[in-house]
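Shown next, in structure tokens, is the structure this report addresses.
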Amino acid sequence: MQLSMTVKQNLYYSPIDNLSYLDHLIFNLKLIIVVALSIPLIFVVILFEKLIPFVGKWLPVIFHKLIIWLLSVRIECEGEINKSNDCNLYISNHLSYLDIPILGSKYPVRFVAKSEVENWPLFGFLAKLGRTIFISRKRSDSLDQKNKILNLLSSDEKIFIFPEGTTSDGNRVLNFKPSSFSALEGQNFIIQPIVIVYADLNGIPINRWLRPVIAWYGDMELKPHLSSLAHLKSIKARLIYLDKVNAKKFASRKDLSKYLENKIKKVYSSA
Numbered sequence: 009m010q011l012s013m014t015v016k017q018n019l020y021y022s023p024i025d026n027l028s029y030l031d032h033l034i035f036n037l038k039l040i041i042v043v044a045l046s047i048p049l050i051f052v053v054i055l056f057e058k059l060i061p062f063v064g065k066w067l068p069v070i071f072h073k074l075i076i077w078l079l080s081v082r083i084e085c086e087g088e089i090n091k092s093n094d095c096n097l098y099i100s101n102h103l104s105y106l107d108i109p110i111l112g113s114k115y116p117v118r119f120v121a122k123s124e125v126e127n128w129p130l131f132g133f134l135a136k137l138g139r140t141i142f143i144s145r146k147r148s149d150s151l152d153q154k155n156k157i158l159n160l161l162s163s164d165e166k167i168f169i170f171p172e173g174t175t176s177d178g179n180r181v182l183n184f185k186p187s188s189f190s191a192l193e194g195q196n197f198i199i200q201p202i203v204i205v206y207a208d209l210n211g212i213p214i215n216r217w218l219r220p221v222i223a224w225y226g227d228m229e230l231k232p233h234l235s236s237l238a239h240l241k242s243i244k245a246r247l248i249y250l251d252k253v254n255a256k257k258f259a260s261r262k263d264l265s266k267y268l269e270n271k272i273k274k275v276y277s278s279a
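In our numbering, the protein residues as written are 9 to 279.
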């Protein structure tokens, strides 16, 4: 019993957690700045989102950039990121809630999340402000969800989907769910596949034992995981932009899903 309790207590322990008093002070000052800037941003979105669509699109990008700055995340991009602006749908592998501010800090996209997220304390509120698209996983709602995504794509909204449907432990990319691409079947939509790789923490190359510091999966509790993340001096993430794909070139959503899954798995494994 004592061994079990010790393991649980050390579940989120990081061997690179060596922040000094000055590091803690700097983080707390940055946190105060982020909160002070975020509150007026939230009010601006609430008041002017419908009147000025530009505000609703770009303020979430600014908020994501603030989170990246707070957590000292350095992002390196590889591939033709500038040529991906004409895409309709963006996809990537999924390891953590940290993926969202990293990916959302590049340009305005609407993330797709399960409907349960809408009711999460604070995160649900922020997700709504960020124009997140909430979808139900019930079979009976599948046609409505497909039409909802199709209508948004047809109106030039840029949408971001995690086709794994959940986060992985970071040691592998999970199998994609073909249902993620049901709205694209037979449509002339351009997809931008992205591979997200966490390269190092505090300058130390990340390995199997350090991945749980970033990856949030299974029954991990959110609060201690967030605390562990906040006690890092720096995080380096790589975004690898793969060749764009036209959904119309594939006979079915299953073919499209398998093609993109294999592409992302291959690059993630080598990276």
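A virtual CB, placed ideally from N, CA and C, is assigned to each residue, including glycine. Quantities reported herein were computed from a predicted structural model and do not represent experimental measurements.
With contacts defined as CB atoms closer than 9 Å, G178 and P220 qualify as a contacting pair.
Within a 10 Å sphere around the beta-carbon of W224 sit 16 or more other beta-carbons, which makes this residue buried. Between L250 and P171, the C-beta gap is not smaller than 9 Å, which leaves the two residues out of contact. DSSP places K122 in the strand class (E or B) of the three-state scheme. Between I204 and I110, the C-beta spacing is below 9 Å. For S260, there is no enclosing beta strand (DSSP E), as DSSP marks it with neither H nor E. Look at V117 here: in three-state DSSP terms it is coil, with no helix or strand label. Note on geometry: alpha-carbon atoms of S162 and G87 lie some 26 Å from one another.
Three or more beta-carbon pairs separated by less than 8 Å are not found between the stretch 208-220 and the stretch 180-199, which leaves the two stretches without contact. Following the DSSP letters along the chain, one finds I214 in no beta strand (DSSP E), marked with neither H nor E. DSSP places V205 in the strand class (E or B) of the three-state scheme.
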